[in-house]
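> Sharing a structure below in structure tokens format, with a few things to ask.
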Amino acid sequence: MSAATVTIREPELGWGPSARGRLGMYCLIAAEAAIFTIFVVAYLFYLGKSLSGPTPRQVLHVPVFFTICLLSSSITIHLAVRCLRRAKTRAFARWWFLTLFLGATFLGGTAVEWRHLIDDEGLTIQTNLFGTTYYSLVGLHAFHVLMGLLALCTVWLFAMFGKVKSDHAERVDTLALYWHFVDTVWVVVFLVVYVIGR
Amino acid sequence: MSTEVITLPGTQTTVETSRRPLVDRLHEWVTTVDHKRLGLMYIVYALMFLLIGGVEATIMRIQLSAPHKDFVSPQVFNRMFTMHGTTMIFFVAMPLVFGLANYLVPLMIGARDMAFPRLNAFSFWLSAFGGILLYFSLIGANGLYGAGNAPDVGWFAYAPLTSHSFSVGHSTDFWILSLLVSGFGSIGTAINIIVTILCLRCPGMKLGKMPLFVWLNLVMAGLVILAVSPLSAAQIMLSIDRYLGGHFFDTQAGGSAVIWMHFFWVFGHPEVYVLVIPAFAVASEIIPVFSRKAIFGYPVMVAATVCIGFIGMSVWAHHMFTVGMSSNANTFFVLSTMAVAVPTGIKIFNWLATMWGGKIDFKTPMLFCAGFLFQFLAAGLTGIMLSAAPFDWQLGNSYFVVAHFHYVIVGGILFCLFAAFYYWYPKMSGRMYNETLGKLHFWLFLIGFHLTFDFMHIPGLLGMPRRIYTYEPGRGWDTWNLIVTIGVVFQAAGILVFAANLIWSYFRGRIAGNDPWDAWTLEWTTSSPPPEYNFAAIPSVKSRRPLWDLKHPEDPDWKYE
Numbered sequence: 000m001s002a003a004t005v006t007i008r009e010p011e012l013g014w015g016p017s018a019r020g021r022l023g024m025y026c027l028i029a030a031e032a033a034i035f036t037i038f039v040v041a042y043l044f045y046l047g048k049s050l051s052g053p054t055p056r057q058v059l060h061v062p063v064f065f066t067i068c069l070l071s072s073s074i075t076i077h078l079a080v081r082c083l084r085r086a087k088t089r090a091f092a093r094w095w096f097l098t099l100f101l102g103a104t105f106l107g108g109t110a111v112e113w114r115h116l117i118d119d120e121g122l123t124i125q126t127n128l129f130g131t132t133y134y135s136l137v138g139l140h141a142f143h144v145l146m147g148l149l150a151l152c153t154v155w156l157f158a159m160f161g162k163v164k165s166d167h168a169e170r171v172d173t174l175a176l177y178w179h180f181v182d183t184v185w186v187v188v189f190l191v192v193y194v195i196g197r
Numbered sequence: 000m001s002t003e004v005i006t007l008p009g010t011q012t013t014v015e016t017s018r019r020p021l022v023d024r025l026h027e028w029v030t031t032v033d034h035k036r037l038g039l040m041y042i043v044y045a046l047m048f049l050l051i052g053g054v055e056a057t058i059m060r061i062q063l064s065a066p067h068k069d070f071v072s073p074q075v076f077n078r079m080f081t082m083h084g085t086t087m088i089f090f091v092a093m094p095l096v097f098g099l100a101n102y103l104v105p106l107m108i109g110a111r112d113m114a115f116p117r118l119n120a121f122s123f124w125l126s127a128f129g130g131i132l133l134y135f136s137l138i139g140a141n142g143l144y145g146a147g148n149a150p151d152v153g154w155f156a157y158a159p160l161t162s163h164s165f166s167v168g169h170s171t172d173f174w175i176l177s178l179l180v181s182g183f184g185s186i187g188t189a190i191n192i193i194v195t196i197l198c199l200r201c202p203g204m205k206l207g208k209m210p211l212f213v214w215l216n217l218v219m220a221g222l223v224i225l226a227v228s229p230l231s232a233a234q235i236m237l238s239i240d241r242y243l244g245g246h247f248f249d250t251q252a253g254g255s256a257v258i259w260m261h262f263f264w265v266f267g268h269p270e271v272y273v274l275v276i277p278a279f280a281v282a283s284e285i286i287p288v289f290s291r292k293a294i295f296g297y298p299v300m301v302a303a304t305v306c307i308g309f310i311g312m313s314v315w316a317h318h319m320f321t322v323g324m325s326s327n328a329n330t331f332f333v334l335s336t337m338a339v340a341v342p343t344g345i346k347i348f349n350w351l352a353t354m355w356g357g358k359i360d361f362k363t364p365m366l367f368c369a370g371f372l373f374q375f376l377a378a379g380l381t382g383i384m385l386s387a388a389p390f391d392w393q394l395g396n397s398y399f400v401v402a403h404f405h406y407v408i409v410g411g412i413l414f415c416l417f418a419a420f421y422y423w424y425p426k427m428s429g430r431m432y433n434e435t436l437g438k439l440h441f442w443l444f445l446i447g448f449h450l451t452f453d454f455m456h457i458p459g460l461l462g463m464p465r466r467i468y469t470y471e472p473g474r475g476w477d478t479w480n481l482i483v484t485i486g487v488v489f490q491a492a493g494i495l496v497f498a499a500n501l502i503w504s505y506f507r508g509r510i511a512g513n514d515p516w517d518a519w520t521l522e523w524t525t526s527s528p529p530p531e532y533n534f535a536a537i538p539s540v541k542s543r544r545p546l547w548d549l550k551h552p553e554d555p556d557w558k559y560e
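From first to last, the protein sequence lines are chains P and V.
Number 30 in numbering that gives the first Met the number 0 belongs to position 31 of the first sequence; there are no gaps in the numbering.
Number 272 in numbering that gives the first Met the number 0 belongs to position 273 of the second sequence; there are no gaps in the numbering.
Written as structure tokens, this is what we have:
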């Protein structure tokens, strides 16, 4: 085994080294899903247990527009990656920017909603259990959106300098996987906070 | 299949590096992304914390050796048991497990490194930073007049003890942050282990041909992802309570102290399996080699481990029988806890069947594994006793419980980890350990262990609660506590012999060669210690014992598997 030459072969197995980014992302998603599960359980457990107002029904408005924004960003990022696979880098950059824009709009929506809740309704994280669980759960999701936006921004900057090529499609797709996850979590958060919770 | 030939520099580079200035070499260790160096750093770091945690345990045992002692103040005693528990679980057991996995998994699957070497280094430094953060509390947590320094809320930090009114100052914050930071490190390493195992296996190594060590570490990593994440979530909630004035665990505002218990034990119980499954992994490698037989029932061993992983996720509330859950919940957790005994029993029988009829060689690693088998069985039996809710109502939070889980963690896990040190020491250092000192360590530690933890059950049965600072004479606890403390002396002596052996053998030990144990897995094909690239040529395997095939071409394993 001490020969000074090496033979590097293509992997014979289904899980090759090329799949590691994707698999790593799946594992990260599993860990994140476990974290969100705990926050969702806490939200559901404390529903209706607040000792004082305001209640979700009094103050929460269903953010239909911003939800549509976030969910459609999943479609645009998918289209972006598809363009990149086919080496259409300009189309990729356009779809990618649209994704970024939709994500940022959603985050802006959360900011507006929080400002309304804090300034007009007087609901802060300290007010009652609803405030604590609501800001934690929605805030945790917003934090993940923010992280996703930073990553999307980085890729977009690279794309602007013409550094993103079709060779990078797999890596970009791994990031898209994370973005899909963030959107999926929003579906759960939306159902828990704005449908079941109201 | 494209083939490409690369010429690698010879192994003499390692000789050159050892002659370079100390600063250069240290700089190399700090900036390294090599899985073997990171593995060793995990291990050394864990051993340092093992000494610290051991000193904390000794302080507690001196305090409890006789009634009405005041060796330390009650405040210090509280800090000691909190720091002892937190240190031993998060900064000794976890890094040891990760260190071994880091070092051995790539070697065993014929890979050159982990899947994400930089993430690996990042995770290690996060864990290391977490440990330093915990101990920095001794200096940094004394924020307010009259506030304590080190955390004193117990290793599971039940609410409302952790609220601002009961935990003044920053000690609890240090505890939260250190676990949060090291928890992220653990999740990173777990992701790395899973991806490495699934993506970087050498040609021919299908899932069913991996060494059991690798299989069990795969299950361990999966459990880390599912168990440590809830802990991180709970720590975030606790920080929100303490810093932002949230009410998650604030009973005054309708919050629940019980839900903290659920969140903690959703992590806390799978954590036991996170630690014990790698111990099983070690036993599954060492017992066959020293019995000169292939492992008995490989597929069943894998299935039983996966089964333990699944059941282990659904037993957490057996830590909470005394809280007063509904009888349905109690019944569920009693039954699921007892169900864990089935796959665990299967594993014990498989190890015994591996030894049965084998040509057993009681070298130090095998001695520790044999000790593990008996002690882990006994620990499992007291576990079954405690899993019955009515029995637990009587003995929950008593020294019986303390004795039970130390039997698991010391008698089971630590014994296997010692076995692992002796077994792989020649591979990691290139030199053999001293067999006499190794056996001396085993016997000293065995005697110490049984003195301490066998006799710890009895004051528990006689009603001695855990975490008490001192006790009245004449309750029948005095003698037992004295014996328990005497056991510590033997354990400490054993640890000193162990440390001396490691250090002495590193400089003076016999050169080990590639394969001192006549073993069968891939790590023994490369030099000791392995070169940075592990394998000059990526191996290709046909059976679960590739080295057996190589040594016995007339009777290879792949003909029968």
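All residues carry an ideal CB built from backbone N, CA and C; glycine is no exception.
Since the model is a prediction, treat every value here as computed from it, not as a measurement.
By how many angstroms is the C-alpha of P/TYR45 removed from the C-alpha of P/ASP119?
Each residue's alpha carbon lies about 23 Å from the other.
> From the DSSP secondary-structure annotation, give me the bridge partner or partners of V/PRO464.
DSSP, once it has assigned bridges, lists V/SER397 as partnering V/PRO464.
> Any chance the segment 300 to 316 of chain V sits against the segment 265 to 274 of chain V, with 3 or more Cβ pairs inside 8 Å?
Yes, the segment 300 to 316 of chain V is in contact with the segment 265 to 274 of chain V.
> Determine, for V/PHE309, whether the minimum Cβ-Cβ distance to residues of chain P falls below 9 Å.
Not one chain P Cβ lies under 9 Å of V/PHE309.
> Taking C-alpha atoms, which residue in V/GLY357, V/GLY203, V/GLU560 and V/LEU217 lies nearest to P/GLY15?
Minimum Cα distance to P/GLY15 is reached at V/GLY203.
> Please list, in chain order, all residues of the same chain as P/ALA41 whose beta carbon is under 7 Å from its beta carbon, the five residues on each side excluded.
Answer for P/ALA41: THR132, listed in chain order.
> Would you mind reading off the limits of the alpha helix (DSSP H) that contains V/PRO269?
256 to 290 is the span of the alpha helix (DSSP H), which, as asked, contains V/PRO269.
> Using the DSSP secondary-structure output, state which residues sit across from V/ILE510 in a beta bridge.
Answer by DSSP bridge pairing, in chain order: V/ARG430.
> Please decide whether V/GLN11 counts as near chain P, where near means a Cβ-Cβ distance under 9 Å.
Because the pLDDT at V/GLN11 is just 40, under 50, the model does not fix this residue reliably, and the value given afterwards should be weighed accordingly. No, V/GLN11 does not count as interfacial toward chain P.
> Tell me the rounded alpha-carbon separation between V/MET79 and V/HIS169.
Those two C-alpha atoms are separated by around 17 Å.
> How would you list, in chain order, the residues of chain P whose beta-carbon sits under 8 Å from the beta-carbon of V/MET219?
Under the 8 Å cutoff, chain P gives no residues; its nearest Cβ is about 13 Å from V/MET219.
> Can V/CYS198 and P/LEU22 be called in contact, C-beta distance under 9 Å?
Contact: yes.
> Give the straight-line distance between the Cα atoms of P/ASN127 and V/HIS246, rounded to the nearest whole angstrom.
Their Cα atoms are separated by approximately 7 Å.
> Give a yes or no on whether the C-beta atoms belonging to V/PRO150 and V/MET59 are separated by under 9 Å.
It is not a contact, given that the beta carbons lie outside the stated cut-off.
> Is P/SER165 helix, strand or coil by DSSP?
In this structure, P/SER165 counts as helix in the three-state DSSP scheme.
> Compile a chain-ordered list of the residues in the segment 14 to 26 of chain P whose CB is closer than 7 Å to at least one CB of chain V.
Here the close residues are TRP14, GLY15, PRO16, ALA18, ARG19, LEU22, GLY23 and CYS26.
> Check this for me: beta carbons of V/LEU215 and V/SER122, under 9 Å apart or not?
No, the pair does not count as a contact, with Cβ atoms beyond the cut-off.
> For V/MET219, does the three-state DSSP call read helix, strand or coil?
Three-state DSSP puts V/MET219 in a helix.
> Which whole-angstrom value describes the C-beta separation of V/GLY459 and V/VAL400, a residue pair presumed to lie in contact below a C-beta threshold of 8 Å?
Right, the Cβ-Cβ distance comes to about 7 Å (below 8 Å), so this counts as a contact.
> Less than 9 Å separating the beta-carbons of V/ILE51 and V/TYR134?
Yes. Within cutoff.
> Within 10 Å of its beta-carbon, does V/TYR242 have 16 or more other beta-carbons around it, so buried, or fewer, so exposed?
So V/TYR242 ends up on the exposed side.
> Just the chain V side, please: which residues come within less than 7 Å of P/LEU128 by C-beta, in chain order?
What P/LEU128 touches in chain V: HIS246, ALA252, GLY253 and GLY254.
> Determine, using beta carbons only, whether V/LEU118 comes closer than 9 Å to chain P.
Closer than 9 Å to some Cβ of chain P, the Cβ of V/LEU118 qualifies, so yes.
> Around the Cβ of V/LYS362, are there at least 16 other Cβ atoms within 10 angstroms (buried) or fewer (exposed)?
It counts as buried.
> Enumerate in chain order the residues of its own chain whose CB-to-CB distance from V/THR520 is below 6 Å, with the five nearest sequence positions on each side excluded.
So the list reads MET107 and PRO210, once near-sequence residues are dropped.
> Considering only residues of the same chain and omitting the five flanking positions on each side of V/SER335, which have a CB-CB separation below 7 Å?
Cβ neighbours of V/SER335 beyond the five flanking positions: ILE310, SER313 and VAL314.
> Just to confirm, are V/PRO94 and V/PHE48 a CB contact at a threshold of 9 Å?
Against a cut-off of 9 Å, the Cβ pair of V/PHE48 and V/PRO94 comes out as a contact.
> Please list, in chain order, the chain P residues whose beta carbon lies closer than 7 Å to that of V/SER177.
Simply none; closest approach about 18 Å.
> Which two residues bound the contiguous alpha helix (DSSP H) that contains P/ASN127?
Unbroken run through P/ASN127: none, as it is neither H nor E.
> Verify the CB distance criterion: does V/ASN148 have a CB-CB separation below 9 Å to chain P?
So, not an interface residue.
> Taking the alpha-carbon positions, what's the P/GLY107 to P/THR66 distance?
Cα-Cα distance, rounded: 12 Å.
> Which value, in whole angstroms, describes the spacing of the CA atoms of V/TRP259 and P/GLN57?
Distance between the alpha carbons of V/TRP259 and P/GLN57: 29 Å.
> Could you check whether the Cβ of P/THR98 sits closer than 9 Å to any Cβ belonging to chain V?
No, no contact with chain V.
> Would V/HIS261 be called buried (16 or more neighbouring beta carbons within 10 Å of its own) or exposed?
Classification of V/HIS261: buried, given that the 10 Å Cβ count is 16 or more.
> In whole angstroms, what is the alpha-carbon distance linking V/VAL562 and P/TYR193?
Any question about residue 562 of chain V goes unanswered here, given that chain V covers just 0 to 560.
> Cα-Cα, which of P/ARG170, P/ALA92, P/PRO53 and P/GLY161 is closest to P/GLN125?
Among P/ARG170, P/ALA92, P/PRO53 and P/GLY161, the Cα nearest to that of P/GLN125 is on P/PRO53.
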